[in-house]
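Step one of this worksheet: look at the structure below.
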Amino acid sequence: MKSIISKSILLTIFVTAINFGFKIYLSYHISKDKLGIFYTLLDLVSIVALFFTGYKDSMIKVYSEKKFFEVYRYIVRNYLAVSIASVLVLLLLYNLQNNQNKIFSVYLLLLFFIATQISNFYSYLNVAYKNYNSMLYEKSIKALSLVLSFVILSKYFDNLNALIVAYILQMFIHTIYIYITSPNIFFMPENFVNIDTYKKFMKNYLLATVTSFLGSISIYMSAIIMLYFFNSSDILSEYQVVVKSIFFALVAIFAHPVASYTFPEVSRFISENRYYEVTRMEKVLQKYLLLMFLLILVGLFFTKTVIGLIFPVSYQNSYKLLNLMLPFLPFIIYTSFLVNILKGFDRFDLALWVRVIGNITFFIIIALLYLFGLDEKSIIYSLDISFLLMFFSALYFKGRLLSK
Numbered sequence: 033m034k035s036i037i038s039k040s041i042l043l044t045i046f047v048t049a050i051n052f053g054f055k056i057y058l059s060y061h062i063s064k065d066k067l068g069i070f071y072t073l074l075d076l077v078s079i080v081a082l083f084f085t086g087y088k089d090s091m092i093k094v095y096s097e098k099k100f101f102e103v104y105r106y107i108v109r110n111y112l113a114v115s116i117a118s119v120l121v122l123l124l125l126y127n128l129q130n131n132q133n134k135i136f137s138v139y140l141l142l143l144f145f146i147a148t149q150i151s152n153f154y155s156y157l158n159v160a161y162k163n164y165n166s167m168l169y170e171k172s173i174k175a176l177s178l179v180l181s182f183v184i185l186s187k188y189f190d191n192l193n194a195l196i197v198a199y200i201l202q203m204f205i206h207t208i209y210i211y212i213t214s215p216n217i218f219f220m221p222e223n224f225v226n227i228d229t230y231k232k233f234m235k236n237y238l239l240a241t242v243t244s245f246l247g248s249i250s251i252y253m254s255a256i257i258m259l260y261f262f263n264s265s266d267i268l269s270e271y272q273v274v275v276k277s278i279f280f281a282l283v284a285i286f287a288h289p290v291a292s293y294t295f296p297e298v299s300r301f302i303s304e305n306r307y308y309e310v311t312r313m314e315k316v317l318q319k320y321l322l323l324m325f326l327l328i329l330v331g332l333f334f335t336k337t338v339i340g341l342i343f344p345v346s347y348q349n350s351y352k353l354l355n356l357m358l359p360f361l362p363f364i365i366y367t368s369f370l371v372n373i374l375k376g377f378d379r380f381d382l383a384l385w386v387r388v389i390g391n392i393t394f395f396i397i398i399a400l401l402y403l404f405g406l407d408e409k410s411i412i413y414s415l416d417i418s419f420l421l422m423f424f425s426a427l428y429f430k431g432r433l434l435s436k
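Residue numbers (the numbering used here): 33 to 436.
And the structure:
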């Protein structure tokens, strides 16, 4: 497990370097205002896609209990039904946009959503089946296919349309990659349907979806709130192109591998009542996160210089927002691990409460700060406080479960 996580981190660094370099390139070739709006529109897709995230954890859980084929047929049907409903929701959200924010065709946005959901479904199956070797290279394939597709398409389309079509091709190429490396998940045997297993799956799916939705909605809404309430496309672009790129690249490098690869193992240890193994994993993680926190504190003195070297001068002040978020990265990573423990105990409800607490905090704090007349930094303060409260609530719930 340690070897897999290490390889995943190294590959994620490679992928992050590609994606980050690509955004730097885009910042020089697409206007600042349009690039900020582009990524905010992608956030709309991401918000709708959150309704699917519970499938992954529920698939992992039912597969670890050796009951996956009892519900697979219904999983596919549910996924299709939610997809159809989500297309209608996305169409409504897009039509609510101002005309100046509709920078490309709605059909391209819908096609991107559909391609994303097909890609995600087979990615979730890959995780449930523990096809670790295939999973390791998924993000690399997506990053490379995005850049190469854009390079080719930009010769025939303007940069914005080339960019959205490149994102669509990225998802289809990713699906083809999974088909080549994990063909078994495309041709699975049918089995009788166990209604009790199906009910439990749906319960976990709904809880995990709401949990994931609440865990991510503040991130996606932050840019939308920044655009509509503070009406600053300039700050929005700095936040979308620089701050989110760097901060969530670090989340992808460190938090996502921990969340993805520890849950199957944590779930197994808890099912076998080997709680000491979970505690051992947690102690190792604590040591790494303490070191990370100290390195981040030192790195805060260099962010202004680094951003000034690699981004256009119009983005130079974005380091101020970034420095407000970086120290909270270790808490996000730790929270991901703690939430996995809660779900491993089959307490998806507690994992949900962690996210509820974080989101209530985010929206209350941002409303208060907005009323007191603070600027767009109030969004960052609200995110930071919500990260911290989610960590402490998850730590409290974990302690109660392991002490039993």
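The beta carbon of each residue, even a glycine, is placed where N, CA and C say it ideally should be.
How long is the line joining the alpha carbons of residue i and residue j, rounded to whole angstroms?
{"i": "residue 209", "j": "residue 173", "result": "8 Å"}
{"i": "residue 139", "j": "residue 428", "result": "46 Å"}
{"i": "residue 441", "j": "residue 303", "result": "It is not possible to answer for residue 441, since the shown part of the chain is limited to 33 through 436."}
{"i": "residue 163", "j": "residue 214", "result": "7 Å"}
{"i": "residue 78", "j": "residue 148", "result": "10 Å"}
{"i": "residue 256", "j": "residue 291", "result": "26 Å"}
{"i": "residue 412", "j": "residue 114", "result": "32 Å"}
{"i": "residue 392", "j": "residue 295", "result": "26 Å"}
{"i": "residue 60", "j": "residue 50", "result": "16 Å"}
{"i": "residue 107", "j": "residue 349", "result": "47 Å"}
{"i": "residue 417", "j": "residue 355", "result": "14 Å"}
{"i": "residue 70", "j": "residue 135", "result": "7 Å"}
{"i": "residue 182", "j": "residue 388", "result": "38 Å"}
{"i": "residue 237", "j": "residue 121", "result": "20 Å"}
{"i": "residue 319", "j": "residue 312", "result": "11 Å"}
{"i": "residue 76", "j": "residue 112", "result": "20 Å"}
{"i": "residue 282", "j": "residue 191", "result": "27 Å"}
{"i": "residue 425", "j": "residue 333", "result": "31 Å"}
{"i": "residue 157", "j": "residue 402", "result": "42 Å"}
{"i": "residue 48", "j": "residue 227", "result": "42 Å"}
{"i": "residue 154", "j": "residue 254", "result": "29 Å"}
{"i": "residue 366", "j": "residue 72", "result": "28 Å"}
{"i": "residue 409", "j": "residue 353", "result": "7 Å"}
{"i": "residue 390", "j": "residue 420", "result": "8 Å"}
{"i": "residue 150", "j": "residue 377", "result": "30 Å"}
{"i": "residue 270", "j": "residue 161", "result": "39 Å"}
Check residue i in the structure and name its three-state DSSP category.
{"i": "residue 186", "result": "coil"}
{"i": "residue 103", "result": "coil"}
{"i": "residue 127", "result": "helix"}
{"i": "residue 137", "result": "coil"}
{"i": "residue 72", "result": "helix"}
{"i": "residue 169", "result": "coil"}
{"i": "residue 435", "result": "coil"}
{"i": "residue 98", "result": "coil"}
{"i": "residue 300", "result": "helix"}
{"i": "residue 63", "result": "coil"}
{"i": "residue 161", "result": "coil"}
{"i": "residue 85", "result": "coil"}
{"i": "residue 305", "result": "coil"}
{"i": "residue 214", "result": "coil"}
{"i": "residue 219", "result": "coil"}
Under the criterion of a Cβ to heavy atom distance below 7 Å, does residue i qualify as lining the ligand GDP?
{"i": "residue 273", "result": "Absence of the ligand GDP from the depicted structure is noted, as is the absence of any ligand whatsoever, leaving it without description."}
For chain C, check one thing: does any of its Cβ atoms lie closer than 8 Å to the Cβ of residue i?
{"i": "residue 323", "result": "This model lacks chain C altogether, as it is built from one protein chain only."}
If we require 4 or more residues per run, which alpha helix (DSSP H) segments fall completely within the stretch 332–415? 335–342, 351–357, 361–376, 380–403
Could you pull out every unbroken alpha helix (DSSP H) segment of at least 4 residues lying fully inside the stretch 254–278, listed in chain order? DSSP assignment within the stretch 254–278 yields the following whole alpha helix (DSSP H) runs of 4 residues or more, N-terminal first: 265–269.
Tell me whether the stretch 368–379 and the stretch 334–349 touch, counting them as touching only if at least three CB pairs, one residue from each stretch, are closer than 8 Å. no
Flag this pair as touching only if the stretch 310–330 and the stretch 240–256 have three or more C-beta atom pairs under 8 Å; answer yes or no. These segments do not touch.
If we count Cβ pairs, one from each stretch, closer than 8 Å, do we get three or more for the stretch 189–209 versus the stretch 226–244? Per the Cβ contact rule, the stretch 189–209 is not in contact with the stretch 226–244 (fewer than 3 Cβ pairs under 8 Å).
Does the pairing of the stretch 277–284 with the stretch 94–104 give three or more beta-carbon distances under 8 Å? no
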